[in-house]
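Residue numbering for the sequence shown follows my numbering, starting at 6 and increasing by one per position. Backbone N, C-alpha and C define an ideal beta-carbon position, used for all residues, glycine too. Here the structure is a predicted model, which is why all the values come from computation and not from measurement.
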Amino acid sequence: MLYFVVIVLCLIGGWEGAKWLGQETDYWLELGPVKIGLNMTRDLNMPHLKDIAEALSKPSQRQGPPLIEILVEKASYTLRLAVIGFTIGTIIGLALAILFAHSRLLERGLMPYVVASQTVPILALAPMVIIWSENLFGSREIGMPMITAYLAFFPVTIYTLRGLSDVPPTALELMKSYAATRREILWKLRFPNAVPYIFTALKITAPASVVGTIIAELPTGIQDGLGGAIINFAQYYVSGPSRLWATNFVTAMAGILFFATVAVTEWLVVRWKRPSNRMDRWVDTFLRNLRRVVPLLRD
């Protein structure tokens, strides 16, 4: 926690320090013969942090609620869609990884297409998926989790497949010596071994799911999420850049919240993979010493 506070303070100091340096040098920093432009530190491009905080506390419209209240409501909408797409993508990724782990032929045949699917620009794909969703289901909202799932399934597939395949040979031979079936090997050996890999993929995918959902919101015209807020405040950036920066801040917090949720879930689930804590080491030392003392007392 202390490191987090120190990093936040360093970021705040760096931000305001860059603003101060730009104003003191008239936005041109001379380092010998080299001149560096600091126009990016002007208030239009880089507002003071206090201005961003004030924008969050003020209403975006007359007699309206504070901006922070609006953004939190929009963030909850975006996070809800992100969780749906994240879940769908995770299920697809796990299914593909298990399929590939059981069939090298399918892995060699389908993996190139899985990799190629990630080379399509998401900005080009999102409008098409939204249009298809509206034509097929009569709703654009259904297409937004599809975009998120499209971003989520690939890391889960790759990392899970690595975890399922990276099994100690001795453990695998031991399972086979006990005549374990392929299903038993999967659920009692391969899948537990893959759990840390899966959570690594999920921690990568969680913030990306928020970004994917926002990108999916842009072509829909729906104003309920953070994507609509970004488009709206970007139109008034010249007159009020602080509101767009405030929206970016809330978006970042949404991604961090999603990541933290996955990280806490990992901490709760993967306890058997964590190194022992101080109390565990103390108990082990106490038991070892007790085993040494008991024979002496008997003598």
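query, result
"Where do the ends of the alpha helix (DSSP H) carrying M116 lie?", "109 to 122"
"Near T256, which residues of its chain fall below 6 Å by C-beta distance, leaving aside the five closest residues on each side in sequence?", "L231"
"Once you ignore the five residues that flank A131 on each side, which residues in its own chain have a CB closer than 6 Å to its CB?", "I152, I220, A221, P224"
"So A211 and V267 are supposed to be a Cβ contact under 8 Å. How far apart are they, rounded?", "5 Å"
"How big is the Cα-Cα spacing for A176 and G148?", "43 Å"
"Spatial neighbours of L76 within its chain, please: CB distance less than 8 Å, with the 5 preceding and 5 following residues excluded, ordered by chain position.", "L61, L231, A234, A251, T252, V255"
"Is the number of C-beta pairs between the segment 131 to 145 and the segment 173 to 188 that are closer than 8 Å three or more?", "no"
"If you follow the alpha helix (DSSP H) that R187 is part of, which residue opens it and which one closes it?", "187 to 190"
"W272 CB to nearest chain C CB: under 8 Å?", "The structure shown contains no chain C; it holds only a single protein chain."
"Of the choices L99, L43, I93, I163, whose alpha-carbon is the least far from that of A154?", "I93"
"Taking DSSP's pairing of strands, which residues face P173 in a bridge?", "For P173, which the question treats as bridged, DSSP gives no partner whatsoever."
"Put P126 into one of helix, strand or coil per three-state DSSP.", "coil"
"Just reading off the alpha helix (DSSP H) that I227 is part of, what are its end residues?", "Where I227 is concerned, there is no enclosing alpha helix (DSSP H), given that its DSSP letter is neither H nor E."
"Tell me, please, which residues DSSP counts as bridged to P71.", "P64"
"State buried or exposed for T95, treating a residue as buried only when at least 16 other CB atoms are found within 10 Å of its CB.", "buried"
"Note down the Cα distance separating D229 from Q123, rounded to an integer number of angstroms.", "28 Å"
"Determine the contact status of W20 and L54, defining contact as a CB-CB distance below 8 Å.", "yes"
"Is it the case that the Cβ atoms of L194 and V172 are separated by a distance below 8 Å?", "yes"
"Does the beta-carbon of V164 have 16 or more other beta-carbons within 10 angstroms, so that it is buried, or is it exposed?", "It is Tyr, not Val, that sits at residue 164 in the sequence shown. Buried."
"Under the assumption that G90 contacts T218 (Cβ atoms under 8 Å), give the Cβ distance between them as a whole number of angstroms.", "6 Å"
"Leaving out five residues on either side along the sequence, give the residues of the same chain with a beta carbon under 7 Å from the beta carbon of A87.", "T153, S214, V215, T218, F263"
"Grab me the residues of C15's own chain with a C-beta within less than 6 Å of its C-beta, minus the 5 sequence neighbours each way, in chain order.", "none"
"According to DSSP, is G245 helix, strand or coil?", "coil"
"Using a threshold of 8 Å, state whether the C-beta atoms of G98 and F158 are closer than that.", "yes"
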